[in-house]
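Quick note: to get this note's numbering, add 700 to the position in the sequence shown (first position is 1).
Even for Gly, the Cβ is constructed at its ideal location relative to N, Cα and C.
Model, not experiment: these values are computed from the prediction.
Below: the structure, in structure tokens.
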Amino acid sequence: MTDTLARATPSLRTHDSDGAPALQPTRDLHATLPDLVDALLNKGVYLDLDLIITVADIPLIGVNLRAAIAGMETMLEHGMMRGWDERTREWVRQSLARHVPLEPDEDVVARMAGGHRRDEPPTTWRPGTVYLTTRRLLVWRADPRELLWQTDLAEVTEVELRTETSVGGEERERLAVTTGAGTTLLSAAAPERLETLLRERGEAQPRTAPDRSAQVWYREDRSGAPVWRGGTGSLGPDGLTWQGVGDARPAVRLREVRDLQARTGRTPVGRQVLLVTGERGVVRLATRAAAWARALAAAATSGTRSPSTSDTTLTGGDA
């Protein structure tokens, strides 16, 4: 038989030797496994454990354990393992410097597959790897080695997500980065995360009403029967517009999106109909572009009138 004796420490230091606040103990008899993981990563766990293993009432093995376990950010906040962190960062910096032209004391914040659109004729996308560092945003191609594009973070004045239709007809999110030299489009494996990180750097400011365009279908009510027409839907400072292929001007123009509701119905791109209420009545739209549908919902939510939109999820395709 094995007997286990564990006791919790009655108190902990309030401060470490360098003045950083020490980890404080917590105890909850009703804690679940997710609570334990959350405490482990965010707050930390201090173990003060005496373990005695006995066989036939004869103590054979004794364990006296004193340990602090926490997420790395919590460890560093409380002054622990700083030497390991600095050595690791230096090793990563030297490893990346062999492949990417980093400046002294420049650390990589994020790295992801992506590319850069060259606007000089002919317009082409050049694939590579997008690096966000503590100083720059750059696109690097490893083979052959080439710096495709870069800018200092201090030069970035605006970032926004744009939806574009690829050659294959798919809707893709692009990141538009504006500097003093103009606006550049980047592709990234996680464009929303990259946009968030850029905003956290404190330089880029969001646009009050970013322009978004996507392939959208509009149901036109005719005398015989309603007809779904394909075209381009746009959201911007002037509101919502829809223009069909070959049309000289937009067939739909709403300066204010007052309400948005999703209904089930047959459309050319699925079974979700978007009922958009504006100052001129209700229009029916459909799209596969989920990002555009979310932007439309945001426009309705931020309108001057409170929308009565239901909690139906906007999928931008099959409901």
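Note down the Cα distance separating residue i from residue j, rounded to an integer number of angstroms.
| i | j | result |
| --- | --- | --- |
| V945 | P968 | 15 Å |
| P822 | T884 | 15 Å |
| G882 | D819 | 11 Å |
| A999 | L740 | 40 Å |
| M775 | L736 | 17 Å |
| Q915 | T732 | 47 Å |
| G783 | A962 | 55 Å |
| P804 | E979 | 57 Å |
| D757 | M781 | 40 Å |
| R919 | L975 | 10 Å |
| R907 | V856 | Confidence is the limiting factor: at R907 the pLDDT is only 47, short of 50, which leaves the residue's position unreliable and the question unanswerable from this model. |
| G965 | A889 | 33 Å |
| S887 | A767 | 45 Å |
| R817 | V973 | 34 Å |
| R901 | R835 | 9 Å |
| Q905 | R899 | The predicted position of Q905 is uncertain, since its pLDDT is 48 and thus under 50; no value can be drawn from it. |
| T1001 | V927 | 29 Å |
| T865 | R922 | 29 Å |
| R994 | G779 | 43 Å |
| H730 | D738 | 14 Å |
| D852 | R787 | 26 Å |
| E806 | T879 | 21 Å |
| R955 | M812 | 38 Å |
| L749 | L802 | 46 Å |
| A925 | V808 | 58 Å |
Kindly indicate the opening and closing residues of the alpha helix (DSSP H) around residue i.
| i | result |
| --- | --- |
| A991 | 990-1001 |
| R899 | 891-900 |
Quick check: residue i and residue j, are their CB atoms within less than 9 Å of each other?
| i | j | result |
| --- | --- | --- |
| R953 | G939 | yes |
| G815 | V839 | yes |
| E860 | L875 | yes |
| L751 | A810 | no |
| T941 | V957 | no |
| L935 | L894 | no |
| I761 | V745 | no |
| W992 | R929 | no |
| V877 | E892 | no |
| E871 | R988 | yes |
With DSSP collapsed to three states, give me the class of residue i.
| i | result |
| --- | --- |
| A810 | strand |
| W917 | strand |
| A948 | coil |
| A854 | helix |
| R787 | helix |
| R971 | strand |
| L741 | helix |
| R782 | helix |
| T754 | strand |
Taking the alpha-carbon of residue i as reference, which of the options has the nearest alpha-carbon?
| i | options | result |
| --- | --- | --- |
| E873 | V745, A990, T732 | A990 |
| N764 | G771, D757, I753, T774 | I753 |
| G933 | R899, R984, A888, L886 | R984 |
| V800 | A854, D738, P844 | P844 |
| E846 | L853, T829, E871, R835 | T829 |
| P950 | P926, W791, W917 | W917 |
| P827 | P937, V808, W849 | W849 |
| D959 | G981, A948, Q943 | G981 |
| N742 | G771, D947, S913 | G771 |
| L996 | D947, A925, G924, T863 | T863 |
From which residue to which residue does the beta strand (DSSP E) around residue i run?
| i | result |
| --- | --- |
| V1066 | Residue 1066 lies beyond the residue range present for the chain, which begins at 701 and ends at 1019; the question has no answer from this structure. |
| R826 | 824-833 |
| P759 | 758-769 |
| G880 | Unbroken run through G880: none, as it is neither H nor E. |
| V957 | Counting along the chain, V957 falls outside any beta strand (DSSP E), and DSSP gives it neither H nor E. |
| S934 | 927-936 |
| G981 | 981-987 |
| R845 | Looking at the DSSP string, R845 is not in any beta strand (DSSP E), and its letter there is neither H nor E. |
Does any C-beta atom of chain B lie closer than 9 Å to the C-beta of residue i?
| i | result |
| --- | --- |
| T932 | This model lacks chain B altogether; it includes just one protein chain. |
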